[in-house]
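One structure below.
2 protein chains.
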Amino acid sequence: MPAAAFKSVRALALFHDMADANFDRLTKAAYLQRFPAHVQLIEEGGAADFLHVVVEGCVELFASHNGRDTTMALVHPVSTFILAATLKDRPYLMSARTTMPGQILMIPSADIRTMLEIDPGFARAMVVELASCYRNVVKELKNQKLRTSVERVANYLIRQQKRHPGMEFALPVEKRALASLLGMTPENLSRAFGALRSHGVEVDGPMVRLTDIEALSAMARPNPLIDDFSS
Amino acid sequence: MPAAAFKSVRALALFHDMADANFDRLTKAAYLQRFPAHVQLIEEGGAADFLHVVVEGCVELFASHNGRDTTMALVHPVSTFILAATLKDRPYLMSARTTMPGQILMIPSADIRTMLEIDPGFARAMVVELASCYRNVVKELKNQKLRTSVERVANYLIRQQKRHPGMEFALPVEKRALASLLGMTPENLSRAFGALRSHGVEVDGPMVRLTDIEALSAMARPNPLIDDFSS
DNA sequence: CGGTCATTTGACGAGCATCAACCCCTGTGG
DNA sequence: CCACAGGGGTTGATGCTCGTCAAATGACCG
Numbered sequence: 001m002p003a004a005a006f007k008s009v010r011a012l013a014l015f016h017d018m019a020d021a022n023f024d025r026l027t028k029a030a031y032l033q034r035f036p037a038h039v040q041l042i043e044e045g046g047a048a049d050f051l052h053v054v055v056e057g058c059v060e061l062f063a064s065h066n067g068r069d070t071t072m073a074l075v076h077p078v079s080t081f082i083l084a085a086t087l088k089d090r091p092y093l094m095s096a097r098t099t100m101p102g103q104i105l106m107i108p109s110a111d112i113r114t115m116l117e118i119d120p121g122f123a124r125a126m127v128v129e130l131a132s133c134y135r136n137v138v139k140e141l142k143n144q145k146l147r148t149s150v151e152r153v154a155n156y157l158i159r160q161q162k163r164h165p166g167m168e169f170a171l172p173v174e175k176r177a178l179a180s181l182l183g184m185t186p187e188n189l190s191r192a193f194g195a196l197r198s199h200g201v202e203v204d205g206p207m208v209r210l211t212d213i214e215a216l217s218a219m220a221r222p223n224p225l226i227d228d229f230s231s
Numbered sequence: 232m233p234a235a236a237f238k239s240v241r242a243l244a245l246f247h248d249m250a251d252a253n254f255d256r257l258t259k260a261a262y263l264q265r266f267p268a269h270v271q272l273i274e275e276g277g278a279a280d281f282l283h284v285v286v287e288g289c290v291e292l293f294a295s296h297n298g299r300d301t302t303m304a305l306v307h308p309v310s311t312f313i314l315a316a317t318l319k320d321r322p323y324l325m326s327a328r329t330t331m332p333g334q335i336l337m338i339p340s341a342d343i344r345t346m347l348e349i350d351p352g353f354a355r356a357m358v359v360e361l362a363s364c365y366r367n368v369v370k371e372l373k374n375q376k377l378r379t380s381v382e383r384v385a386n387y388l389i390r391q392q393k394r395h396p397g398m399e400f401a402l403p404v405e406k407r408a409l410a411s412l413l414g415m416t417p418e419n420l421s422r423a424f425g426a427l428r429s430h431g432v433e434v435d436g437p438m439v440r441l442t443d444i445e446a447l448s449a450m451a452r453p454n455p456l457i458d459d460f461s462s
């Protein structure tokens, strides 16, 4: 594994408290692979043979049922996904595909489970990581159940704005995927952007500029218990 | 703490692998309390001072935002809730209230976190528990995003049926709370029950009888990756 | 230059919330 | 024992939100 990738994975909170020897052993058993855009990495219902780490690029987690399908989350570098299935040795609840070219580190689930047994620091880090994942999904469920679609769009934009220092930012994925993540159709996302023009939102292709955050916040009503990342 | 309560809590997977001395220490610091119905136990945004265990009765987890509110989950004995907030020492993301009289065991969060450090068996059990919680919320999010309200009701009934051996069963909570859990209004739940009559669903007050599970399943299309408890 | 695909816009309809009226049961106080 | 109030549940009427379908636009690519 290249030194840069090794270092960035090692820097993850999940692996940070791990003994050196154990981390080496884990990465020796792992595969770092390059993927083009729009490749399906895992399929819902499949066996959780690997823990995946997005080292570069972006991965979309999605779920299907009865002809419909929906984006569940977007995973950016450097973070893991499908941790829970790996740990419980249960089928994946979500599918995953790349949204752009990138690199994925794949660590055999069995090694993760072994490490959980023998490395207490790793077990503790895992507890914290899983608790964070859990809280993030709870927030997403609140987002879905307590807000209208326009409110979700507005708050999404405010969150993105916070992450980026500048005046404007680019949407990290196609609008169709974003719409699905926000629980709406692409058509409706388009209309939502239109409705938000009067609240200081300018959308031009993938670029977004918020010219009046006061006004936008007034209608979006952001809530730390739904929107904040840190907690 | 009464022996019966002690035993049932000890039997939880979360506490099962714990050293005896540690479990004793944990329960000595804990409070077992009796609560009447409709008492709010914790409030969204508050400090996570205790891990709660429902020993008897039923607890409703709910969340509020901007004048709206929604039921997030129903917790039945014997299980814990708000584990993640306790572990991360972060504010609660949900409020909790009793739906009927019952007993709650309250364990100081600080003791839980200490135990996580010193008892590796507990840390491992915690990983499994959190992974389960995570997967359950993911399923609920899929349920919300991929199904219509009538489908959610139908699948809820099928799930309840599986839990109860007999011909008929009682809804475990008021219909208004159930409606909120299923992401709909009480009025709409009522109409949904009406619409399901033609699929063999008979509702009389809190009692439900499913006279044609074949037909109901055909329209509900249950999915293990959304509805099964075990995974 | 033509084809494909994401996005946008408009028209329409389904799904669902809201509002209001009503029924029924329960508990309370006269 | 009865009158009454309160609350949950049901039903009907109405309208908003949002999904669906269709067509047009524009960008990108072979």
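Same order as they appear, the protein sequences are chains R and Y.
According to our numbering, the stretch in the first sequence is residues 1 to 231, in order.
According to our numbering, the stretch in the second sequence is residues 232 to 462, in order.
Here a beta-carbon is modelled for each residue, glycine too, at the ideal position from N, C-alpha and C.
In this structure, the CA atom of T330 (chain Y) is about 20 Å from the CA atom of L314 (chain Y). According to DSSP, residue pairing for T330 (chain Y) in a beta bridge does not occur. With its beta carbon less than 8 Å from one in chain R, T301 (chain Y) belongs to the interface.
Residue-level contact by beta carbon fails for S310 (chain Y) and chain R, as no gap is shorter than 8 Å. Along the stretch 116 to 129 of chain R, the positions whose C-beta sits under 8 Å from a C-beta of chain Y are L116, E117, P120, A123, R124, M126, V127, V128, read in chain order.
At a Cβ-Cβ threshold of 8 Å, A278 (chain Y) and P322 (chain Y) count as neighbours. Counting every other CB atom within 10 Å of its CB across the protein chains shown gives D320 (chain Y) a total below 16, marking it as exposed. Scanning its chain for C-beta atoms nearer than 6 Å, with the 5 sequence neighbours on each side dropped, one finds no residue around G397 (chain Y). It is roughly 19 Å from the alpha-carbon of G183 (chain R) to the alpha-carbon of P206 (chain R). The beta-carbon of V284 (chain Y) is placed no less than 8 Å from the nearest beta-carbon of chain R. Proximity of G276 (chain Y) to chain R, defined by a Cβ-Cβ separation below 8 Å, is satisfied. Burial is judged here by how many other beta carbons sit within 10 angstroms of a residue's own beta carbon; S411 (chain Y) has at least 16 and is buried.
Look at the stretch 368 to 380 of chain Y: the residues with a C-beta under 8 Å from a C-beta of chain R are V368, V369, K370, E371, L372, K373, Q375, K376, L377, R378. Against chain R, the CB of I457 (chain Y) has a partner CB under 8 Å away; the residue lies at that interface. For E60 (chain R), the secondary structure class from DSSP, reduced to helix, strand or coil, is strand. In this chain, the alpha helix (DSSP H) harbouring A218 (chain R) covers 213 to 220.
A straight line joining the alpha-carbon of R124 (chain R) with that of L347 (chain Y) spans about 7 Å. DSSP places I42 (chain R) within a strand segment (E or B) once states are collapsed to three. An exposed status is given to T185 (chain R), since fewer than 16 other beta-carbon atoms sit within 10 Å of its beta-carbon. The residue among Y:I349, Y:M450, Y:V270 with its C-alpha nearest the C-alpha of D251 (chain Y) is Y:I349.
For F237 (chain Y), the secondary structure class from DSSP, reduced to helix, strand or coil, is helix. Sequence-ordered contacts of the stretch 81 to 102 of chain R with chain Y read L83, A84, A85, T86, L87, K88, R90, P91, Y92, L93, M94 [C-beta pairs closer than 9 Å]. A contact between stretches requires three or more CB pairs, one per stretch, nearer than 8 Å, and the stretch 255 to 265 of chain Y fails this requirement with the stretch 368 to 379 of chain Y. Between the beta-carbon of H247 (chain Y) and that of N223 (chain R) there is about 37 Å, and that puts the pair past the 8 Å contact cut. Among the residues facing chain R, S340 (chain Y) is not included, as its CB has no counterpart in that chain under 8 Å away. The three-state reading of DSSP puts R378 (chain Y) in coil, since its state is none of H, G, I, E or B. Selection Y:V384, Y:P267, Y:A304 evaluated against L441 (chain Y) yields Y:V384 as nearest (Cα-Cα). Boundaries of the alpha helix (DSSP H) harbouring M115 (chain R): 109 to 118, taken from the DSSP string. Contact of N454 (chain Y) with chain R by beta-carbon distance below 7 Å involves H65. Assignment of I158 (chain R) by DSSP, reduced to helix, strand and coil, places it in the helix class. Annotation: L305 (chain Y) to V434 (chain Y) spans about 21 Å, alpha carbon to alpha carbon. Using a Cβ-Cβ cut-off of 8 Å, S132 (chain R) counts as an interface residue toward chain Y, since at least one Cβ of chain Y sits closer than that to its own. A Cβ-Cβ distance of about 11 Å is found for the pair V53 (chain R) and T86 (chain R), leaving them out of contact under the 8 Å criterion. With the criterion set as a beta carbon lying under 7 Å from some beta carbon of chain R, the stretch 243 to 256 of chain Y has no members that meet it.
When Cβ-Cβ separations below 8 Å define contact, R135 (chain R) makes contact with chain Y. Sequence-distant partners of A408 (chain Y) (beyond 5 residues in either direction) whose C-beta falls short of 8 Å from its own C-beta, in its chain, are E291, T302, L305, T330.
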